[in-house]
Amino acid sequence: MKAQPQASHFIDGAYVEDTAGTVIESIYPATGEVIARLHAATPAIVEQAIASAKRAQKEWASWSPTQRGRVLKKAAEIMRERNRALSELETLDTGKPIQETIVADPTSGADSFEFFGGIIASALNGSHIPLGSDFAYTKRAPLGVVVGIGAWNYPQQIACWKAAPALACGNAMVFKPSEVTPLGALKIAEILIEAGLPKGVFNVIQGDRDTGPLLVSHPDIAKVSLTGSVPTGRKVAGAAAAQLKHVTMELGGKSPIIVFDDADVDSAISGAMLGNFYSTGQVCSNGTRVFVHKALKQTFLARLKARTEAILIGDPQDEATQMGPMVSYAQREKVLSYIEQGKAQGATLITGGGIPNTVSGEGFYVQPTVFADVSDDMVIAREEIFGPVMCVLDFDDEAEVIARANATEFGLAAGVFTADIARAHRVVDQLDAGTLWINTYNLCPVEMPFGGSKQSGFGRENSAAALEHYSELKTVYVGMGKCEAPY
Ligand code: NAD
Numbered sequence: 132m133k134a135q136p137q138a139s140h141f142i143d144g145a146y147v148e149d150t151a152g153t154v155i156e157s158i159y160p161a162t163g164e165v166i167a168r169l170h171a172a173t174p175a176i177v178e179q180a181i182a183s184a185k186r187a188q189k190e191w192a193s194w195s196p197t198q199r200g201r202v203l204k205k206a207a208e209i210m211r212e213r214n215r216a217l218s219e220l221e222t223l224d225t226g227k228p229i230q231e232t233i234v235a236d237p238t239s240g241a242d243s244f245e246f247f248g249g250i251i252a253s254a255l256n257g258s259h260i261p262l263g264s265d266f267a268y269t270k271r272a273p274l275g276v277v278v279g280i281g282a283w284n285y286p287q288q289i290a291c292w293k294a295a296p297a298l299a300c301g302n303a304m305v306f307k308p309s310e311v312t313p314l315g316a317l318k319i320a321e322i323l324i325e326a327g328l329p330k331g332v333f334n335v336i337q338g339d340r341d342t343g344p345l346l347v348s349h350p351d352i353a354k355v356s357l358t359g360s361v362p363t364g365r366k367v368a369g370a371a372a373a374q375l376k377h378v379t380m381e382l383g384g385k386s387p388i389i390v391f392d393d394a395d396v397d398s399a400i401s402g403a404m405l406g407n408f409y410s411t412g413q414v415c416s417n418g419t420r421v422f423v424h425k426a427l428k429q430t431f432l433a434r435l436k437a438r439t440e441a442i443l444i445g446d447p448q449d450e451a452t453q454m455g456p457m458v459s460y461a462q463r464e465k466v467l468s469y470i471e472q473g474k475a476q477g478a479t480l481i482t483g484g485g486i487p488n489t490v491s492g493e494g495f496y497v498q499p500t501v502f503a504d505v506s507d508d509m510v511i512a513r514e515e516i517f518g519p520v521m522c523v524l525d526f527d528d529e530a531e532v533i534a535r536a537n538a539t540e541f542g543l544a545a546g547v548f549t550a551d552i553a554r555a556h557r558v559v560d561q562l563d564a565g566t567l568w569i570n571t572y573n574l575c576p577v578e579m580p581f582g583g584s585k586q587s588g589f590g591r592e593n594s595a596a597a598l599e600h601y602s603e604l605k606t607v608y609v610g611m612g613k614c615e616a617p618y
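Our numbering applies: residue 132 is where the sequence shown begins, and numbers increase by one.
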């Protein structure tokens, strides 16, 4: 088979198989072809992975931050050297066009290893607290063995975004990719070993919604970092809370983009298209509610329609292709059903609205779709669709649009397009979201914290802020004299 790995799991520095686990078929979304057959982890595999991480963690934590950083930077270098092969694999795993994966997936993972490998030598320092003749000091300690659970939209990036800060702090990790995209994380594990990571510090096991809970509730696990949907986040956070484990939750969204009447229209359209169509709309921070000032509405929609209809949909392995299929048949069905609900509830279909007739075969394609005249109460304006479906809503007043933008349970991201810089800052200040953009959208460099508020989650990935979520403070009081007691 086209992308069959040596075995399903990567534990203690080597590929491991256990055919007793449920079969996981990896399907290439552009053709529907099975490209690899793997097995979900059995309870014995879960135990083996956690035991190997536990064994390896103490030694890894004893290395100096500079030594650990050197391994991560080496992994970044190898990932960049193999960018082409890793991107091709990511395209097979997800169906995302090679035009995207070659610039956004392994490279973003490599950035993460390079960044954390680079800052760690100075980022873990503690403080000295003078207390008269006594004093105290703090140090940052790793949490121990941590679990990463990934979604299917950015399999390699998610594995790296979790592994890099976790490993930098001296933790060991067991990572479970989504059952829909099982391939990329195994390559990351291989590369880390090649870069000099001790065996067992980063392990990958396959599995689905039945495997995840075995990891989350395991007593040897100190923390769980999940990227996934809000319903899964509630279950995982609940199970982790039962044992008071640390959690990072990177969940879903229904983020607003607000386009004011003084905005550069073409730039705002670019932002809205990036924030709805990149990765075939399968991006958590997408700005799927595009509020356009009434004065701009006609121009905005006319130019948006023309640019959307010019998007090249097709074979993801062709460098010219700008949009590939959805990740799975199930996801395409879900998106098509939302499109039908949009039509039934009276939104105006500007373009798209079905399966493209320009692509032949069994791939899971959907047309990039734009609805206008969407009202706040429509299902397509309230629920996360996770596909290339943009909802355009009208507004004419700043206070009104801020209230409407915030009227959602989600709070992942938001964007504002305006030429008035004071207004831009005033508005983002009032929007309930963890990550916000002014006059651009969806750029997530590793230097910048990323994460959500409200039901979109908590904790932050990327930047030095992520280190706080993979380590904890130890405080040491040092008595310099005799210990006094009243009895
Ligand atoms: P999902 O919630 O169905 O699954 C996510 C992961 O959780 C998978 O690996 C799955 O096997 C696992 N899982 C499912 N049930 C579990 C349980 N009870 N215990 C432990 N693990 C369990 O999400 P998905 O469909 O893979 O991904 C799409 C969702 O992810 C969207 O909602 C999207 O917004 C979100 N997402 C968020 C971010 C972010 O950074 N905020 C990034 C990408 C995707």
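Don't be surprised by glycine CBs; every beta carbon is placed ideally from N, CA and C.
Model, not experiment: these values are computed from the prediction.
Whole-Å CB distance - residue i paired with residue j, under 8 Å assumed
i: G383; j: F541; result: 7 Å
i: F502; j: Q462; result: Going by Cβ atoms, the distance from F502 to Q462 rounds to 19 Å, so no, they are not a contact pair.
i: F141; j: L203; result: Between L203 and F141 the Cβ distance is about 17 Å, and since that is not below 8 Å, they are no contact.
i: V505; j: M457; result: Not a contact, Cβ separation roughly 21 Å.
i: V347; j: A371; result: 6 Å
i: A303; j: A184; result: 4 Å
i: A596; j: P580; result: 4 Å
i: V276; j: I176; result: Not really, about 15 Å apart at Cβ, beyond 8 Å.
i: G200; j: G249; result: 7 Å
i: L543; j: S587; result: 4 Å
i: A134; j: I166; result: 4 Å
i: I533; j: L567; result: I533 to L567, Cβ: 12 Å. No contact.
Residue burial classification, residue i (beta-carbon count within 10 angstroms, cutoff 16)
i: N593; result: buried
i: G240; result: buried
i: G445; result: buried
i: K613; result: exposed
i: R215; result: exposed
i: L262; result: exposed
i: Y268; result: exposed
i: R340; result: exposed
i: G369; result: exposed
i: G343; result: buried
i: R168; result: exposed
i: A530; result: exposed
i: Q374; result: exposed
i: G492; result: exposed
i: T150; result: exposed
i: D528; result: exposed
i: K425; result: exposed
i: E676; result: Only positions 132 to 618 of the chain appear in this structure, which leaves residue 676 out of reach.
i: E381; result: buried
i: K227; result: buried
Sheet register partners of residue i (DSSP bridge)
i: A272; result: E603
i: F581; result: E592
i: I266; result: Correcting the residue identity first, residue 266 is Phe in this sequence and not Ile. Answer is P261, V609.
i: R420; result: P387, C522
i: W568; result: G546
i: Y146; result: F141
i: K307; result: I280
i: R168; result: E156
i: E219; result: Bridge partners of E219: none, in fact.
i: H377; result: K354
i: I444; result: M454
i: V335; result: F141, F306
i: L480; result: F502
Contact under 9 Å by Cβ, residue i with residue j
i: V332; j: L317; result: no
i: F247; j: P308; result: no
i: F526; j: V423; result: yes
i: A555; j: S584; result: no
i: V466; j: F408; result: no
i: G546; j: I442; result: no
i: Y572; j: G412; result: no
i: C522; j: R420; result: yes
i: I158; j: T197; result: no
i: V609; j: D224; result: no
i: S139; j: A171; result: yes
i: N284; j: V414; result: yes
i: P273; j: C300; result: yes
i: P237; j: R211; result: yes
i: A161; j: Q448; result: yes
Fill in: contact_flag[the segment 350–358, the segment 278–289] where n(CB pairs < 8 Å) is 3 or more
yes
Discussion item. I want to know whether the segment 470–478 touches the segment 256–270 - three or more CB-CB distances under 8 Å.
Written reply: no
Worksheet entry | Three-pair Cβ contact test at 8 Å for the segment 539–555 versus the segment 390–397 | yes
Practice prompt. Would you check if there are 3 or more beta carbon pairs closer than 8 Å linking the segment 447–456 to the segment 226–236?
Written response: yes
Worksheet item: Is it a yes or a no for the segment 210–227 touching the segment 180–199, going by three-plus beta-carbon pairs under 8 Å?
Response: Contact between the segment 210–227 and the segment 180–199 is not established, with fewer than three Cβ pairs separated by less than 8 Å.
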